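Residue numbers (the numbering used here): 8 to 474.
Positions of the beta carbon are idealized from the N, C-alpha and C atoms, including for glycine.
Bear in mind that the values here come from a model prediction, so they are computed numbers and not experimental data.
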Ligand code: SAM
Ligand code: SF4
């Protein structure tokens, strides 16, 4: 274990002792609540926060009335920021009634200097603030906050350090994310991620494999390899290793039965990766391949470094090589300068690739990004275009999912169905959800399910008994 991880473990111990004293005063254990905004990366970071809190002696809860509440924030679009400000108001009311309550903020939004200014000025009741680069120091910062009973704010501009090997409290015992790289060097002109997550750093393959092996031993069957652009994995590491090679190594880990990854940048997706996916028994039949726009002109303005034609060629090649694969995407409407003609190009790509699903976003102006100073598209135009994109995406997805009708496919059972407890909810390798009769003993197992009835974006099914 590296020295920083050891140091942080010492802080967890110190926190543990400090909390024990508080417990005696309170006559009960202290509770903590972690609220996550944003992407898979943040979800994984929150599991790390939860792991530290749990080891320090907190009881974790979803209730924001907890003794310690921390928001792990996202700033990719402005509405995520607004939601945080809105909810902070409610936390303040709670804190007024319970002055011992502590409030923390971390994550991408905290890397923006203007946000920190605003919080200091208008939300001065927040007790702990840190950013994305020093998340591994959470135990130390939390200890300092409790011990001094003073506000602790620590934001770093960047780091080269990768500190793992700290406690993690996984949301699901049978599946887990694994960070394979951090940051991003792509600088798409609309995107704030490179500014708040720092430059791209790959983690050593041996560390990733060791983590995958440990997870498998702990009962994990499905891993998701996480990075902003997994296709450029390995850049900058001594002894070159590509993402395809890493996948082949993860495939060898006994006990891991399913491998997913996110996100693939189209410009870096190699033929080798398509081959590895096609020939693998463990890599899931799902590829998330963000398009952003179908117009070559807008793609250039976005600095995406591929054209409409290149994207189409790539997506159709993947469809040909792996016919069962589900291809999903991200699309932005309303990027500066976008015209009706550009939107027609996007619709054309949706029709040709036939996306199995898509996240559609209205462009959000992010201060500090190059697109923020470009001429913006009036909101009314964007709204109408967004609706057109969304309805085509939904119609295509509804048709695509019918490809699997009446097939028997394997589902990883994730939970009891929220609406009907006689059903369980499973995920197919193509990421489609299926609900079928079953009980909690099935959670975490991979079972064959016949897809009997398509309900729009998901299936109802029945379990097929294995011979
Ligand atoms: N690294 C990934 C990639 O390149 O596809 C995506 C990371 S980003 C957190 C997820 C998605 O948010 C992007 O694919 C993009 O569609 C969307 N996004 C990023 N910046 C945005 C902005 N300023 N306005 C609207 N959507 C945005
Ligand atoms: Fe943002 Fe582009 Fe990096 Fe994805 S690849 S995180 S969209 S800059």
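If you draw a straight line from the alpha carbon of residue 67 to that of residue 380, how long is it in whole angstroms?
When rounded, the distance between both Cα atoms is 43 Å.
Under the assumption that residue 337 contacts residue 366 (Cβ atoms under 8 Å), give the Cβ distance between them as a whole number of angstroms.
With 8 Å as the limit, residue 337 and residue 366 qualify as a contact, their Cβ atoms being about 5 Å apart.
Tell me whether residue 454 sits in a helix, a strand or coil according to DSSP, three-state version.
DSSP places residue 454 in strand when its eight states are reduced to three.
Provide the residue(s) that pair with residue 365 in DSSP beta bridges, ordered along the chain.
Its beta-bridge partners are 336.
Could you give the residue range of the beta strand (DSSP E) that holds residue 229?
229-233 is the extent of the beta strand (DSSP E) around residue 229.
Run the CB neighbour count on residue 147, radius 10 Å, all protein chains shown included, and call it buried at 16 or more, exposed below.
Buried is the call here.
Should the segment 321-333 be regarded as contacting the segment 370-389, the criterion being three or more beta carbon pairs within less than 8 Å?
The segment 321-333, when compared against the segment 370-389, does not touch it at the 8 Å Cβ threshold.
Just to check my reading of the structure: residue 451 and residue 226 have Cβ atoms closer than 8 Å, yes? What is that Cβ distance to the nearest angstrom?
About 7 Å; that satisfies the 8 Å criterion.
Cβ atoms of residue 81 and residue 111: under 8 Å apart, would you say?
Result no, Cβ atoms of residue 111 and residue 81 do not sit closer than 8 Å.
Could you check whether the segment 165-185 touches the segment 271-282, counting it as contact only if at least three pairs of C-beta atoms, one from each stretch, sit closer than 8 Å?
With the cut-off at 8 Å, the segment 165-185 and the segment 271-282 do not touch.
Restricting to Cα atoms, I'd like to know which of 440, 180, 295 and 239 is closest to residue 210.
When each option's Cα is compared against that of residue 210, the closest is 239.
Based on the DSSP output, what are the partners of residue 299 in its beta bridges?
BP columns for residue 299 point to 338.
Report buried or exposed for residue 208, applying the criterion of at least 16 other Cβ atoms within 10 angstroms of its Cβ.
Label assigned to residue 208: buried.
Would you call residue 15 buried or exposed, if buried means 16 or more other Cβ atoms sit within 10 Å of its Cβ?
When all chains shown are included, residue 15 counts as buried.
On the DSSP bridge assignment, give the partners of residue 109 in chain order.
75, per the DSSP bridge assignment.
Any heavy atom of the ligand SF4 closer than 7 Å to the beta-carbon of residue 141?
For the ligand SF4, not one heavy atom lies less than 7 Å from the Cβ of residue 141.
Helix, strand or coil: which one does DSSP assign to residue 287?
Residue 287: coil per DSSP, three-state reduction.
On the three-pair Cβ rule with 8 Å, is the segment 400-410 touching the segment 254-261?
No: fewer than three Cβ pairs fall under 8 Å.
For the ligand SF4, list every residue whose C-beta falls under 6 Å from any of its heavy atoms, going in chain order.
Counting every residue whose Cβ lies closer than 6 Å to a heavy atom of the ligand SF4, we get 191, 193, 194, 195, 198, 200, 201, 235, 236 and 272.
Grab the span of the beta strand (DSSP E) containing residue 182 for me, first residue to last.
Residues 182-186.
In angstroms, rounded to a whole number, what distance separates the CA positions of residue 287 and residue 230?
Computed Cα separation, rounded: 15 Å.
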